[in-house]
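Count along the sequence shown from 1, then add 116; that gives the number in the working numbering.
Let me begin by presenting the structure, written as structure tokens, before commenting on it.
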Amino acid sequence: MSSAKPPLLENATRDLAAFAARLCFEDIPRDAIEHMKYCVLDSIGCCLFGVTLPWTRHVQDMVQAEGGAQAASIFGGGGKTSVSQAVLVNSTAGHAFELDDIHKESIIHPGSLATPVALAFAEEAGGTSGREVLTALIAGYEVGARVGNAATMSLFLRGFHPQGTSGAFVAAATAGRMLNLGPLQMQHALGIVGSQAGGLMAAQEGAMVKRFHSGRAAQSGVYSALLARRGFTGITDVLEAPYGGFLSSLSDTPNAQRLTAGLGTIWETLNVGYKPHASVTSIHTALDALADIMREHRLDADAIAGVDAGLSHMTYVHCAWEYAAQGVTAAQMNLYYGLAVIALDGMAFVDQYREERLRDPRILDFIKRITARVDPQIEAMGAAFRHAARVRVTTKAGQTFTREILHRRGSPENPLKPGDVEYKFRNVVRSCLSKPHMERVMTLTRALDTLDSTAELSAILAAAPGA
């Protein structure tokens, strides 16, 4: 079937593919390189912790039962398997605990996709220069973020998970660059992976499969690049095709101009931020607003009669549904649970989302004091402020305190400092890495652009905890 409609943007897939295939380290600005080194550190931490979790272990057990070529390591002592199987596990791990980095506009978490892919191919090659790895990572970040930008929030509001859909292009571009695909091969790789994109947002309400979306997207990216290298063809206009293309099928209101606007001069990599809380990014401003009020006015949970959270429509739909103890995923995606653990513990990090906390009577009791609503003033600010929150706390003594936060900590507008990212890394991996290995990983990632080989880094990530 064909359509008389014109493409959404002429040659967009071709131009993005050519950019990714031809990107050289010397083309990339210094600030993007430095930022990417911290993205790698953050992603490694997420993967190492994530591989210890039960949902990732299910995937790992399946992969180990199937076997595969001994080419790349499953992180954390899982042994070796093929590149495609290794990234299936490692990228599932990277997205396994709502800790991975995020590109705000595209709503993708590129680190949990790109880092396992690049490191798997580097390990298969026996070690690759850090510059090659960084170049491949940035190619993936740039392509995937632009696909997500062009899809707009419409893709998400229709119920698709950006990580499994737009994110698949991150993995394909990263893999293609690690394999040194030419522009036409890269175009076919994108055309193949676009047909594999998938993931439904209903998974956030209690299912393990949300984590798997990342692993499958990464694996699809690997397969797409490997097939393209063999001459297998994909949809050459997969992004802009007016019928059955990625944007025309998955988004009601695509903005195709965002695919190539500023390509090579505006670096979307720099718009990737990090998570200080182990929860969905959309609720971070509300969590920090409540924490700020409690700290400033020296309140504890027992002093609070009610919490009211004003949100954007997107965050309200995404996160303000009635909490039920449906599993860790649901708790991490839920506004009410997050606010309750902030009130009770002062943080929403790893320990707050352990299975044994999900039915804590104190948490369930505090949730009854929380209300949430769409704030028309925040909504009027537009999509750029969809993470903003206005929180009002009423005390049992009758006092009222309000805090508004427009930009979450870790966003491009309110970034975490390098020291903050290292602090997070240490706390995430403290149960996964020995202290010497922890410090060595930080040293290696800081120096990634000067490393002749990534072999030492791969060996540390491959080792079992305590090895």
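Built from N, CA and C at the ideal position, the CB exists for glycine as well.
Cβ pair residue 243, residue 155 closer than 7 Å: Within the sequence shown, residue 243 is the residue found at index 127, counting from 1. Within the sequence shown, residue 155 is the residue found at index 39, counting from 1. In this structure, the beta-carbon distance from residue 243 to residue 155 does not fall below 7 Å.
Use the C-beta contact count for residue 220: other C-beta atoms within 10 angstroms, 16 or more gives buried, fewer gives exposed. Residue 220 sits at position 104 when you count from the first residue of the sequence shown. Classification of residue 220: buried, given that the 10 Å Cβ count is 16 or more.
Endpoints, beta strand (DSSP E) assigned at residue 427: Position 311 of the sequence shown, counting from 1, holds the residue named residue 427. Per DSSP, residue 427 belongs to the beta strand (DSSP E) from 420-427.
4-residue-minimum alpha helix (DSSP H) runs that sit fully inside the stretch 126-173, ordered along the chain: 128-138, 146-166
What are the boundary residues of the beta strand (DSSP E) that includes residue 459? Position 343 of the sequence shown, counted from the first residue, corresponds to residue 459. Careful: residue 459 lies outside any beta strand (DSSP E), inside the alpha helix (DSSP H) at 451-461.
Going straight from the alpha carbon of residue 245 to that of residue 420, what length do you get? For this step, residue 245 is matched to residue 129 along the sequence shown. For this step, residue 420 is matched to residue 304 along the sequence shown. Each residue's Cα considered, the two are about 54 Å apart.
Can you give me the start and stop residues for the alpha helix (DSSP H) that residue 272 sits inside? Here residue 272 corresponds to residue number 156 of the sequence shown, with the count starting at 1. 246-273 is the extent of the alpha helix (DSSP H) around residue 272.
Within 7 Å, strictly: CB atoms of residue 578 and residue 159: As a position in the sequence shown, residue 578 is number 462, starting the count at 1. As a position in the sequence shown, residue 159 is number 43, starting the count at 1. Here residue 578 is not near residue 159, since their CB atoms are 7 Å or more apart.
Using only the alpha-carbon positions, how far apart do residue 313 and residue 339 sit? Residue mapping note: residue 313 aligns to position 197 of the sequence shown, counting from 1. Residue mapping note: residue 339 aligns to position 223 of the sequence shown, counting from 1. Approximately 12 Å, taken between the alpha carbons.
For residue 266 and residue 463, what's the separation of their Cα atoms in angstroms? On the sequence shown, residue 266 is found 150 positions in, with the first residue counted as 1. On the sequence shown, residue 463 is found 347 positions in, with the first residue counted as 1. If I take the Cα positions, the gap works out to 35 Å.
Beta-carbon gap between residue 351 and residue 307 smaller than 7 Å: Position 235 of the sequence shown, counted from the start, is the residue given in the question as residue 351. Position 191 of the sequence shown, counted from the start, is the residue given in the question as residue 307. Yes, the Cβ-Cβ distance between residue 351 and residue 307 is below 7 Å.
If we call anything under 7 Å between Cβ atoms a contact, is residue 285 one with residue 263? Your numbering for residue 285 matches position 169 in the sequence shown. Your numbering for residue 263 matches position 147 in the sequence shown. The beta carbons of residue 285 and residue 263 sit closer together than 7 Å.
Leaving aside the five residues before and after residue 299 along the sequence, list all residues of the same chain whose C-beta is less than 7 Å from its C-beta, in chain order. Taking the sequence shown and counting its residues from 1, the one referred to as residue 299 is at position 183. Around residue 299: 133, 134, 137, 138.
Using 10 angstroms around the beta-carbon of residue 230, count the other beta-carbons present and answer buried if the total reaches 16, otherwise exposed. Locating residue 230 in the sequence shown gives position 114, where the first residue counts as 1. Residue 230 comes out buried.
So, do the stretch 163-170 and the stretch 537-555 have three or more beta carbon pairs nearer to each other than 8 Å? With a cut-off of 8 Å, the stretch 537-555 and the stretch 163-170 count as touching, because enough Cβ pairs lie within range.
Per-residue DSSP class, three states only, for residue 121: Your numbering for residue 121 matches position 5 in the sequence shown. Residue state, collapsed to three classes: coil.
Comparing C-alpha positions only, which one of 234, 557, 404, 354 sits nearest to residue 334? Indexing the sequence shown from 1 puts residue 334 at position 218. It is 234 whose Cα lies nearest to the Cα of residue 334.
Taking DSSP as the reference, what is the three-state secondary structure of residue 400? Position 284 of the sequence shown holds residue 400. Looking at residue 400 - three-state DSSP - the assignment turns out to be helix.
What is the rounded straight-line gap between the Cα of residue 117 and the Cα of residue 458? Locating residue 117 in the sequence shown gives position 1, where the first residue counts as 1. Locating residue 458 in the sequence shown gives position 342, where the first residue counts as 1. Summary for residue 117: the model assigns pLDDT 46, below 50, so the residue's position carries little reliability, and this model does not support an answer.
Touching or not, the stretch 382-400 and the stretch 519-535, by the rule of three or more beta carbon pairs under 8 Å? yes
Kindly list the residues whose CB is nearer than 6 Å to the CB of residue 520, restricted to its own chain and excluding five residues on each side of it in sequence; keep chain order. Here residue 520 corresponds to residue number 404 of the sequence shown, with the count starting at 1. Within the same chain, Cβ atoms closer than 6 Å to the Cβ of residue 520 are found at 506, the five residues on either side in sequence being excluded.
Span of the alpha helix (DSSP H), counted from its first residue to its last, around residue 239: By one-based count along the sequence shown, residue 239 stands at place 123. Taken as a continuous stretch (DSSP letters only), the alpha helix (DSSP H) holding residue 239 covers 227-240.
Range covered by the beta strand (DSSP E) that runs through residue 517: Here residue 517 refers to the residue found at position 401 of the sequence shown. Looking at the DSSP string, the run of the beta strand (DSSP E) that includes residue 517 is 516-521.
Between the CA atoms of residue 370 and residue 376 - distance to the nearest angstrom: As a first step, residue 376 must be located in the sequence shown, where it is residue number 260. As a first step, residue 370 must be located in the sequence shown, where it is residue number 254. One C-alpha to the other measures close to 13 Å.
Quick check on the burial criterion: 16 or more other C-beta atoms within 10 angstroms. Buried or exposed for residue 256? Working through the sequence shown from its first residue, we reach residue 256 at position 140. The residue in question, residue 256, is buried, as its Cβ has 16 or more Cβ neighbours within 10 Å.
Flag this pair as yes or no: are the beta carbons of residue 316 and residue 275 separated by less than 7 Å? Reading the sequence shown from its first residue, position 200 is the one you call residue 316. Reading the sequence shown from its first residue, position 159 is the one you call residue 275. In contact: residue 316 and residue 275 (Cβ atoms closer than 7 Å).
For residue 224, which of 175, 310, 379, 282 has the nearest alpha-carbon? Taking the first residue of the sequence shown as 1, we reach residue 224 at position 108. Ranking 175, 310, 379, 282 by Cα distance to residue 224 puts 282 first.
Closest to residue 444 by CA distance: which of 460, 427, 461, 473 is it? Stepping through the sequence shown from its first residue, residue 444 is reached at position 328. The option with the nearest alpha carbon to residue 444 is 473.
Distance CB(residue 398)-CB(residue 431) smaller than 7 Å: Residue numbering aside, residue 398 sits at position 282 when the sequence shown is read from its first letter. Residue numbering aside, residue 431 sits at position 315 when the sequence shown is read from its first letter. It is a contact, given that the beta carbons lie within the stated cut-off.
What residue range is occupied by the uninterrupted beta strand (DSSP E) comprising residue 486? Looking up residue 486 in the sequence shown gives position 370. Start and end: 486-490.
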